[in-house]
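Numbering (full-length UniProt numbering), first residue to last: 1 to 139. We put the CB at the ideal spot given by N, CA and C, even for glycine. Take a look at the structure set out below.
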């Protein structure tokens, strides 16, 4: 897609510190890493959100994400990884991408990056569960 920096990286028109370039996607260092070694994995095709990724491409794409997570851990000696994805909201680049962030015990990253909100009670929680389940079965 014209003007998409990630499409430019995939095409080789925008420089990036590539980690992998495979049929299922391209992985490269994030220019604004949470921690050094933070990798972004993108599909080769311009898609905005996870819901746009064809079902037939899930195994290949997430297989690449899984291999990158293992490589970040073993290659950097991290204790693990944080793997995350924003869909539409909070995407600084509107192209599907998965963050693979190296983690070490005591690195200062606590849970998710946003505050938590409790349900008022079990009835409210059940209402949310029911709404999601209904949309899943409709869809």
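Closest by C-alpha distance to residue 81, when choosing among 100, 74, 65: 100
Whole-number beta carbon distance between residue 58 and residue 25, since they are thought to touch under 8 Å: The Cβ separation is near 12 Å, so there is no contact.
Comparing alpha-carbon positions, which option in 138, 91, 98 lies nearest residue 67? 98
Got a sec? Which residues, its chain only, sit under 8 Å from residue 73 by beta carbon, not counting five neighbours each side? 79, 80, 81, 102
How would you write the range of the beta strand (DSSP E) that residue 84 sits in, first residue to last? 80–84
Helix, strand or coil at residue 124 according to DSSP, with G and I counted as helix: helix
DSSP puts residue 21 in a beta bridge; with which residues? 26
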